[in-house]
Structures are given as structure tokens and as C-alpha cells.
Amino acid sequence: MKEIKIKNNGLKKLLQLFDHKDKIVVQELGDTLYGKEGFIDETHFQNIQIVEDLLKIDYDFFGLIVFEAEVGNIKIHYDRIGDQFIITGDDKIIGKKNF
45 MKEIKIKNNG LKKLLQLFDH KDKIVVQELG DTLYGKEGFI DETHFQNIQI
95 VEDLLKIDYD FFGLIVFEAE VGNIKIHYDR IGDQFIITGD DKIIGKKNF
């Protein structure tokens, strides 16, 4: 297992590093700055199936406080205290990505 830490430059910028047709499962998401709703969670994104679906949303998730997802066999965790994303997966799979 390999772990990579990436400074937070935005959730969508991170997701652009993945194949847009990759399956994504958003397990947890919390954002405090989303439109008039203010706080939203993962239930707002139940129809998200692939990375492209999340990238098409007209919002950049700048109020992100929690994010847990799997893209293919790669796990993504947002560490709010360190303001970074922790990417975990098989060495071979992580090695092929351009993080």
C-alpha cells in the first residue's frame, strides 16, 4: 500500500488527475459554503457515479470540511487539520497516476 499526501488546491483540481470516466463512490462529504443551503453532505451527491459527474457541478468545494471517497481502487481522504488530501492505494496503481 502506498500513501501520498497532496496539499489542498481544491477538490476538483485533485479529481482532474483521475480518468473522468473512473467510477467514484463518495462515502462522506461535508462543505459549509455551498450556495444558499450553506452546509451540504454526501446525500446531496447520491447520483454521482463517475468522476466527471462531480467535475460537472458548478461549485468548487472551497468550504470542504470532510471528504472520503474511492475512485476505482484508490481511497481519498481529506485531512482538514493538515489541509491536505491523503491518497491511498496499491503501489502499482498509485505509481501510474500523475500525482
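Residue numbers for the sequence shown follow my numbering, so the first one is 45 and each next one is one higher.
The C-beta atom is built at its ideal place from N, Cα and C for all residues, glycine as well.
Please read all numbers here as calculations on a predicted model, not as lab measurements.
How far does the alpha helix (DSSP H) with L55 in it extend, from its first residue to its last?
Element bounds for L55: L55 to L59.
Rounded straight-line distance, which links the Cα of E86 to that of G149:
What the structure shows of the chain is the stretch from 45 to 143, and residue 149 is not part of that stretch, so it cannot be assessed.
Assuming G116 and K67 are in contact, meaning their beta carbons sit under 8 Å apart, how far apart are those beta carbons, in whole angstroms?
6 Å
Might you give, ordered along the chain, the residues of its own chain that have their beta carbon closer than 7 Å to the beta carbon of F62, omitting 5 neighbours on each side?
V95 and V115
Simplified DSSP state of H121, which is helix, strand or coil
Judged by DSSP in its simplified three-state form, H121 adopts strand.
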